[in-house]
Amino acid sequence: MIIRKCNVKIKGISPYSPSKPIAEKPKEYSHKEWEEMQWRNKAHVDERTGKVFVPFMSFKKALTSSAKLTIRKVSGKGNKTFSSIVQAGIMIDTPLMLDITRDDLIPESFLCSATGDPTGKGSRVMRTFPRIDDWGGLLTFHIFQEDLSKDVFEEYLEEAGMMIGVGRFRPENGGVNGRFQIQKTEWETL
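Just so you know, the sequence shown maps onto residues 1 to 190 in the UniProt record's numbering.
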């Protein structure tokens with residue numbers, strides 16, 4: 001089996017907004033007080049370095065969603081598409097480390113469903129989320145499938161950045177945040 005590694009430098013072209021689950025609100029606090037105290041905890045932070053990061057699975061899921069969205073058949077394999085190849089044949093195991101800390105995050109408040117219902121039904125409360133306007137960095141993908149060419153992989157990753165995105169309120173869910181573009185790729189065969 002040929003294993004290839006692709007180092008990808010990406011740059012965010014719209015803000016990134018994380019929404020990591022936080023602890024349940026204790027009864028002694030109002031929703032507003034709790035959000036004011038906890039909004040920074042919705043970002044993923046490396047406890048060793050204090051740096052904010054984007055989880056690696058965000059990019060893996062975006063890439064898989066892109067392969068399902070833009071169906072391409074594998075040449076010479078009948079009706080087989082790249083969806084299953086991308087889902088099972090690509091690994092990313094390190095997060096996108098950002099050069100910011102919790103203190104650099106910008107708060108952004110919205111009226112949201114009190115229960116988290118994506119349809120927006122029911123009562124609404126103000127929720128505050130972190131926003132990062134300038135983000136990007138280096139990701140490393142490991143590709144285990146020979147059928148997945150460099151060109152096809154890069155096309156899916158470009159589409160993932162433009163049409164799927166990462167984080168809260170991303171394009172995949174009808175939002176505008178979390179779009180990114182590829183600045184550079186470097187390939188190596190292991």
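Glycine residues also receive a C-beta, built at the ideal position from the N, C-alpha and C atoms.
Predicted model only: the values in this text are computed from it and were never measured.
For the pair of segments examined, the segment 167-182 was found to touch the segment 9-27: the number of CB pairs separated by less than 8 Å reaches three. DSSP places S109 inside the beta strand (DSSP E), whose first and last residues are I106 to S113. Residues of the same chain with a CB within less than 7 Å of the CB of W34, apart from the 5 flanking positions on each side, are K25 in chain order. The C-beta of R48 has fewer than 16 other C-beta atoms within 10 Å across all chains shown, which makes the residue exposed. Under the 8 Å Cβ criterion, the segment 90-97 does not count as touching the segment 110-125, having fewer than three qualifying pairs. D103 sits in a helix when the DSSP states are folded into three classes. For the pair of segments examined, the segment 162-169 was found to touch the segment 51-71: the number of CB pairs separated by less than 8 Å reaches three. Within the DSSP secondary-structure output, P130 pairs in a beta bridge with P107. For H142, the beta-bridge partners assigned by DSSP are K5 and M91. Taking C-beta atoms as the reference points, D46 and F53 count as a pair closer than 7 Å. Counting other Cβ atoms within 10 Å of its Cβ, I85 reaches 16 or more and is therefore classed as buried.
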